[in-house]
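For the sequence shown, the residue numbers in the working numbering are 8 to 346.
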Amino acid sequence: MPSFEQPLAHSSDKVLAVAHPNIALVKYWGKRDVALNLPAVGSLSITLDTFETRTTVARLALSTQDEIVIGKELLQGDKIGRHRQVFDLLRAKSARPCGLRLYSENNFPTGAGLASSASGFAALTLAAARALDVSMSHEALAHVARQGSGSAPRSLDGGFVEMARGTRADGTDCHATQLYPAEYFPLRVVIAIFDERPKSILSTEGMLHTQKTSPFYGGWLASQERDLEEARAALRTRDFARLAEVSEHSCLKMHALAMASRPGLRYWLAQTYAALDTVVKLRAQGTGCFFTIDAGPQLKAVCLPEAAQQVHEALMQIPGVKKIVTVGLGGGARIVDAA
Ligand code: PMV
8 MPSFEQPLAH
18 SSDKVLAVAH
28 PNIALVKYWG
38 KRDVALNLPA
48 VGSLSITLDT
58 FETRTTVARL
68 ALSTQDEIVI
78 GKELLQGDKI
88 GRHRQVFDLL
98 RAKSARPCGL
108 RLYSENNFPT
118 GAGLASSASG
128 FAALTLAAAR
138 ALDVSMSHEA
148 LAHVARQGSG
158 SAPRSLDGGF
168 VEMARGTRAD
178 GTDCHATQLY
188 PAEYFPLRVV
198 IAIFDERPKS
208 ILSTEGMLHT
218 QKTSPFYGGW
228 LASQERDLEE
238 ARAALRTRDF
248 ARLAEVSEHS
258 CLKMHALAMA
268 SRPGLRYWLA
278 QTYAALDTVV
288 KLRAQGTGCF
298 FTIDAGPQLK
308 AVCLPEAAQQ
318 VHEALMQIPG
328 VKKIVTVGLG
338 GGARIVDAA
């Protein structure tokens, strides 16, 4: 157990923030600026409920080194880099800079393609900004959170969120904006977990490898705006079939792009394919569901509310499934307690 769990309870200046992971329906893959962590393409996501990151940030003395614990692991060496970078960006804006102690837990598997870095960096940015007394616009918070994880700005908001690629070199026009709140189109998401272990190829690593070696990368960049337009239009009219078609296309295109890099990146397991077949067959029979898969083997089936139970039961039949959880759409990151 991390030694500082006890001291945290007695610390006065501490902030607890909660954030949920988000799942992209129109995916981002690729960076237009590595140092600023700017995405090469825009993306459109849904923020989940039920799965959450709870992050406590406490102030330390100015000269004290940051301490970061995720779950039961005290981060050290390279692993602390992105967290410290976000802290440093916020410290630079603070009139009361200091060292920070962070403790964060997820109630779902970490680093396994379930967007824990998105919820993690959204909660971290919000909590650390408050602990450092930095008052920031939503856009400025997103700008900082993005430097921890490219998809973290989308978790600052709930419901349906679009993240613009932007064109400015400094990334100030790379925004995440809520298109609709969760209640607008109350979809359910059945998450089939096939492997809870952290993935071996991190997203950033995978993206850089892909943009360097995949012959399809140009086509990916050129076709993204069309997919975003299609998804926006589907959402405007709550057209589930249209949303299903463009989301599955975006998912398959992202994975095909990554598989075509050299050596090819494969995030799926045999069970992922089996689950994908199940979802496609159910939809062909009239069940309101579609699949999406991120940089890991887990499959997320996005469902109309009335279809979720049937999809959940069907995915439970896939041999080797470790866990199935059905969740809804949730709200944005928020501060729950500040003392
Ligand atoms: O947020 P990152 O940089 O770990 O990358 C997320 C990449 C995908 O989940 C595969 C796609 C997306 O848009 O969320």
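Quick reminder that beta carbons are idealized off the backbone N, C-alpha and C, glycines included.
I'd like the span of the beta strand (DSSP E) that includes residue i, first residue to last.
| i | result |
| --- | --- |
| Ser221 | Taken as a continuous stretch (DSSP letters only), Ser221 belongs to no beta strand (DSSP E), as it is neither H nor E. |
| Leu322 | Leu322 -> not in any beta strand (DSSP E); alpha helix (DSSP H) instead, spanning 315-323. |
| Arg66 | 60-66 |
| Phe298 | 296-299 |
| Gln185 | 183-187 |
| Asn113 | 107-113 |
| Lys34 | Here Lys34 belongs to no beta strand (DSSP E), and DSSP marks it neither H nor E. |
| Leu209 | Unbroken run through Leu209: none, as it is neither H nor E. |
| Leu51 | 50-54 |
| Asp73 | Run containing Asp73: none; DSSP gives neither H nor E here. |
| Asp40 | 38-40 |
| Lys307 | 306-310 |
| Thr333 | 330-334 |
| Ala302 | First-last for Ala302: undefined, no H or E at that position. |
| Asp344 | 341-345 |
| Val22 | 21-26 |
Once the 5 residues before and after residue i are set aside, which same chain residues still bring their CB inside 7 Å of it?
| i | result |
| --- | --- |
| Lys219 | none |
| Phe94 | Asp73, Leu107, Ala135 |
| Ala149 | Pro160, Leu163, His182, Ala183 |
| Thr71 | Gly106 |
| Gln231 | Val48, Gly49 |
| Gly327 | Phe201, Gln278 |
| Ala241 | Arg249, Leu250, Val253 |
| Leu67 | Cys105, Gly106, Leu107, Arg108 |
| His216 | Ser268, Leu272 |
| Thr294 | Ala314, Gln317, Val318 |
| Leu276 | Phe201, Asp202, Pro304 |
| Asp246 | none |
| Gly225 | none |
For residue i, report the span of its alpha helix (DSSP H) as first-last.
| i | result |
| --- | --- |
| Val151 | 145-152 |
| Thr285 | 277-291 |
| Phe94 | 88-98 |
| Ser123 | 123-138 |
| Phe247 | 247-266 |
| Val196 | Where Val196 is concerned, there is no enclosing alpha helix (DSSP H), although the beta strand (DSSP E) it sits in stretches over 195-200. |
| Ser393 | The structure shown has nothing for residue 393, since the chain only spans 8 to 346. |
Leaving aside the five residues before and after residue i along the sequence, list all residues of the same chain whose C-beta is less than 6 Å from its C-beta, in chain order.
| i | result |
| --- | --- |
| Leu23 | Thr63, Val343, Asp344 |
| Arg161 | Asn29, Ser52, Val168, Met170, Ala183 |
| Ala31 | Ser50, Ser52 |
| Gly338 | Gly165 |
| Val33 | Ser50, Leu51, Asp234, Leu235, Ala238, Ser257 |
| Ser254 | Leu32, Phe297, Thr299 |
| Asn113 | Thr60, Ser123 |
| Glu80 | none |
| Glu146 | His182 |
Could you tell me whether the Cβ atoms of residue i and residue j are closer together than 8 Å?
| i | j | result |
| --- | --- | --- |
| His27 | Ser126 | yes |
| Lys329 | Ile200 | yes |
| Val25 | Ala340 | yes |
| Thr2 | Ala321 | Nothing about residue 2 can be read from this structure; the chain reaches only from 8 to 346. |
| Gly165 | Pro188 | yes |
| Leu272 | Ala265 | yes |
| Thr132 | Gly78 | no |
| Thr60 | Leu336 | no |
| Leu121 | Gln305 | yes |
| His90 | Leu97 | no |
| Phe223 | Ala263 | yes |
| Ala119 | Pro46 | no |
For residue i, which residues of its own chain have a beta-carbon under 8 Å away from its beta-carbon, when the five flanking residues on both sides are left out?
| i | result |
| --- | --- |
| Ser101 | Leu139, Asp140, Val141 |
| Val332 | Thr57, Phe58, Phe115, Val197, Ile198, Ile200 |
| Leu289 | Cys296, Ala314, Gln317, Val318, Ala321 |
| Gln92 | Gln154, Gly155 |
| Asp180 | Ala171, Gly173, Thr174 |
| Val151 | Val93, Leu96, Leu97, Thr132, Ala136, Met143 |
| Thr228 | Per the sequence shown, the amino acid found at residue 228 is Leu instead of Thr. Closer than 8 Å at Cβ, skipping near neighbours: Gly37, Ala47, Val48. |
| Asp40 | Ala176, Gly178 |
| Leu69 | Pro104, Cys105, Gly106 |
I think residue i touches residue j, with their Cβ atoms under 8 Å apart; what is that distance to the nearest whole Å?
| i | j | result |
| --- | --- | --- |
| Leu43 | Gly178 | 5 Å |
| Thr299 | Val309 | 6 Å |
| Tyr408 | Ala302 | It is not possible to answer for residue 408, since the shown part of the chain is limited to 8 through 346. |
| Ala130 | Ser111 | 7 Å |
| Arg137 | Pro312 | Arg137 to Pro312, Cβ: 35 Å. No contact. |
| Met261 | Trp36 | 5 Å |
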